[in-house]
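These notes are about the structure you will find just below.
In the working numbering, the protein residues as written are 740 to 1111.
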């Protein structure tokens, strides 16, 4: 079967068109092979800047758009879109016909730092039915060397069914103490109760949730558990192993899932003991979703809603190149969250049904809250 071709975005089409035109040109054919890559890259940056501005800013040349304040807004917008400082400088020069330094661009983007602190300390609602929690490591420059920093992110679904980013935190590692600090901070900002927290199997997360929100149900991400399990399986076993593993998370209820896990263990434990151990250790929190009807199950069995946001942050940090400081990571994360949150104008799918299922599943706790 012929593989379906990916549909290119207008931006990708423009770049592809430029690349083909340049490679076919006499200028390219005359270039020494050692210089071709650098020539293409330098020309590409100029074209990239034009296309990015046309796509993201819908730029029209006018005296008003050359205003310094307007340029500053566009610098921040381009940074949020993933452009490195040098590309932003090139874009401003080409489109606005204005020379700007990297230091000036950096100072403009630094203006969002007070805004970030205000956003991270604002009051939040006293209740969210669902909180997605995730963390990811980034390489950040510190004292002239690159070190691992852990970005913690929390995304909520409110009682009306809308997504909302509650905050992000940058820590030196993943640990119960760090997660305890994060969740305690949410409580200080006004959060009193959460019904369900879907999370990856993060270090220390269970202990922290139990310490701050002891009534909350924890659902560890099934998709991540499956993915991590398969990473440790040899290629020749992968197909059979994956098929057998489905019997656990596709069971009809938690009791059947445990029976299927036992059968799964009999077949594979001798060859893959660490995988089987992980399934048993995390079984209760991997199968929390069995307590609920199908629509609610679909909303909590995976952390994909927050994974997609983490992916955007990762893409923007990679496009920007090396992360020069914790402040740079904060700025990229915050601006990415502000951009993506503009798209959260619709309720989560099947929310009216999920809401009724939550009301039936948690009657006492919901009766104690003033909810619309």
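Using N, Cα and C, we set each Cβ at its ideal position, and we do this for glycine too.
Just so you know, these numbers come straight off a predicted model, no measurement behind them.
- As DSSP reads the structure, residue 874 sits in a beta bridge with 891.
- In its chain, beyond the 5 residues on either side, 828 and 831 have a beta carbon closer than 6 Å to the beta carbon of residue 839.
- Counting along the chain, residue 938 sits inside no alpha helix (DSSP H); it lies in the beta strand (DSSP E) bounded by residues 932–938.
- In this structure residue 877 is not in contact with residue 1097, their Cβ atoms being roughly 34 Å apart against a cut-off of 8 Å.
- Boundaries cannot be given for residue 897, as no alpha helix (DSSP H) includes it and DSSP labels it neither H nor E.
- Residue range 1090–1100 is occupied by the alpha helix (DSSP H) that includes residue 1093.
- Using a C-beta cut-off of 8 Å, the stretch 944–963 makes contact with the stretch 916–923, since at least three inter-stretch Cβ pairs fall below that distance.
- In this structure, DSSP gives residue 958 an extended state, which the three-state scheme calls strand.
- Between the alpha carbons of residue 1044 and residue 1001 lies a gap of roughly 31 Å.
- Using a Cβ distance threshold of 8 Å, residue 1042 and residue 873 count as a contacting pair.
- Bounds of the alpha helix (DSSP H) holding residue 818 are 807–819.
- Partner residues in the beta bridge of residue 904, as assigned by DSSP, are 894.
- Excluding the 5 residues flanking it on each side, residue 1015 has same chain C-beta neighbours closer than 8 Å at 1003, 1004, 1007 and 1008, in chain order.
- In the three-state reduction of the DSSP assignment, residue 868 falls in the strand class.
- By the neighbour-count criterion, in which a residue is buried when 16 or more other Cβ atoms sit within 10 angstroms of its Cβ, residue 956 is buried.
- Taking a C-beta distance under 8 Å as the contact criterion, residue 811 and residue 865 do not qualify as a contact pair.
- Inter-segment contact for the stretch 1084–1102 and the stretch 1023–1038 is present: three or more beta-carbon pairs are separated by less than 8 Å.
- The beta-carbon separation of residue 1065 and residue 888, rounded to 7 Å, stays under the 8 Å limit for a contact.
- Around the Cβ of residue 906, a 10 Å sphere holds 16 or more other Cβ atoms; the residue is buried.
- Residue pairing of residue 909 in beta bridges, as defined by DSSP: 890.
- Judged by beta-carbon spacing, residue 897 lies within the 8 Å limit of residue 867, meaning their Cβ atoms are closer than that value.
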